[in-house]
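Going by our numbering, the first residue of the sequence shown is number 0, and it counts up by one from there. Structure record follows, encoded as C-alpha coordinates.
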Amino acid sequence: MDVKILGPGCARCFELERKARRAVEELEIAANVEKVSDIQKIIAYRIMATPGLVIDGKVKCAGRIPAIDEIKKWIREAEGTRT
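This is how it looks when you write it as C-alpha coordinates:
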(Lines of atoms letter the chains of each structure in order from A and count residues from 1; the text may use other names and numbers.)
(Lines give C-alpha, C1' and ligand atoms only; values in the text may rest on other atoms or scores of the structure.)
Protein backbone atom coordinates (compact mmCIF):
# COMPACT_ATOMS: atom_id res chain seq x y z
CA MET A 1 0.00 0.00 0.00
CA ASP A 2 1.23 3.46 -0.91
CA VAL A 3 -0.02 6.48 1.08
CA LYS A 4 1.09 9.96 0.03
CA ILE A 5 0.56 13.25 1.80
CA LEU A 6 0.74 16.12 -0.67
CA GLY A 7 1.77 19.52 0.63
CA PRO A 8 4.55 22.08 0.84
CA GLY A 9 5.23 21.53 4.54
CA CYS A 10 2.67 23.65 6.34
CA ALA A 11 1.25 22.75 9.75
CA ARG A 12 -1.88 21.27 8.13
CA CYS A 13 0.28 19.02 5.95
CA PHE A 14 2.18 17.74 8.97
CA GLU A 15 -1.10 17.13 10.82
CA LEU A 16 -2.43 15.05 7.91
CA GLU A 17 0.83 13.09 7.79
CA ARG A 18 0.57 12.39 11.54
CA LYS A 19 -3.01 11.16 11.15
CA ALA A 20 -2.19 9.00 8.13
CA ARG A 21 0.71 7.35 9.95
CA ARG A 22 -1.48 6.73 12.99
CA ALA A 23 -4.22 5.19 10.81
CA VAL A 24 -1.69 2.82 9.23
CA GLU A 25 -0.32 1.87 12.66
CA GLU A 26 -3.78 1.25 14.13
CA LEU A 27 -4.75 -0.94 11.18
CA GLU A 28 -1.44 -2.82 11.54
CA ILE A 29 -0.83 -2.97 7.79
CA ALA A 30 2.30 -2.70 5.72
CA ALA A 31 2.21 0.67 4.00
CA ASN A 32 4.68 3.16 2.65
CA VAL A 33 3.68 6.59 3.99
CA GLU A 34 5.44 9.33 2.04
CA LYS A 35 5.36 13.12 2.32
CA VAL A 36 5.43 14.77 -1.12
CA SER A 37 6.43 18.43 -1.10
CA ASP A 38 7.64 18.81 -4.70
CA ILE A 39 5.13 21.18 -6.28
CA GLN A 40 5.39 19.56 -9.72
CA LYS A 41 4.51 16.16 -8.25
CA ILE A 42 1.59 17.70 -6.34
CA ILE A 43 0.29 19.39 -9.50
CA ALA A 44 0.45 16.03 -11.32
CA TYR A 45 -2.36 14.81 -9.03
CA ARG A 46 -4.52 17.76 -10.17
CA ILE A 47 -5.41 18.98 -6.69
CA MET A 48 -6.06 22.67 -6.20
CA ALA A 49 -5.60 22.89 -2.41
CA THR A 50 -3.26 21.20 0.03
CA PRO A 51 -2.96 19.12 2.03
CA GLY A 52 -3.92 16.20 -0.13
CA LEU A 53 -4.12 12.49 0.60
CA VAL A 54 -3.45 9.86 -2.07
CA ILE A 55 -3.87 6.14 -1.46
CA ASP A 56 -2.55 3.73 -4.07
CA GLY A 57 -2.51 6.47 -6.69
CA LYS A 58 -6.05 7.77 -6.05
CA VAL A 59 -6.73 11.18 -4.53
CA LYS A 60 -8.97 10.70 -1.51
CA CYS A 61 -9.16 14.29 -0.30
CA ALA A 62 -7.67 17.73 -0.87
CA GLY A 63 -7.76 20.98 1.03
CA ARG A 64 -8.80 19.48 4.35
CA ILE A 65 -7.65 17.18 7.13
CA PRO A 66 -9.91 14.13 7.40
CA ALA A 67 -10.51 12.28 10.66
CA ILE A 68 -8.39 9.21 11.38
CA ASP A 69 -11.46 6.98 11.04
CA GLU A 70 -12.09 8.37 7.55
CA ILE A 71 -8.49 7.66 6.55
CA LYS A 72 -8.80 4.13 7.93
CA LYS A 73 -11.97 3.60 5.87
CA TRP A 74 -10.18 4.66 2.67
CA ILE A 75 -7.24 2.37 3.46
CA ARG A 76 -9.58 -0.59 4.04
CA GLU A 77 -11.36 0.17 0.76
CA ALA A 78 -8.02 0.28 -1.08
CA GLU A 79 -7.03 -3.05 0.50
CA GLY A 80 -10.31 -4.56 -0.70
CA THR A 81 -9.62 -3.58 -4.30
CA ARG A 82 -6.22 -5.29 -4.21
CA THR A 83 -7.52 -8.82 -3.78
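Glycine included, C-beta positions come from ideal geometry on N, C-alpha and C.
Helix, strand or coil, according to DSSP, for residue i in the structure here?
i      : result
Ile-42 : helix
Gly-51 : strand
Glu-33 : strand
Please say whether residue j and residue i have beta carbons closer to each other than 9 Å?
i      : j      : result
Ile-54 : Arg-21 : no
Ile-64 : Glu-14 : yes
Gly-79 : Leu-5  : no
Ile-3  : Val-35 : A small fix is needed here, since residue 3 is Lys in this sequence, not Ile. Closer than 9 Å, so yes.
Need the endpoints of the alpha helix (DSSP H) that residue i sits in, please.
i      : result
Ile-74 : 67-79
Cys-12 : 10-26
Below 8 Å on the Cβ atoms is my guess for residue i versus residue j; work out the distance and round it to an integer in Å.
i      : j     : result
Ile-46 : Met-0 : That pair is no contact at about 20 Å.
List the endpoints of the continuous beta strand (DSSP E) containing residue i.
i     : result
Ile-4 : 1-5
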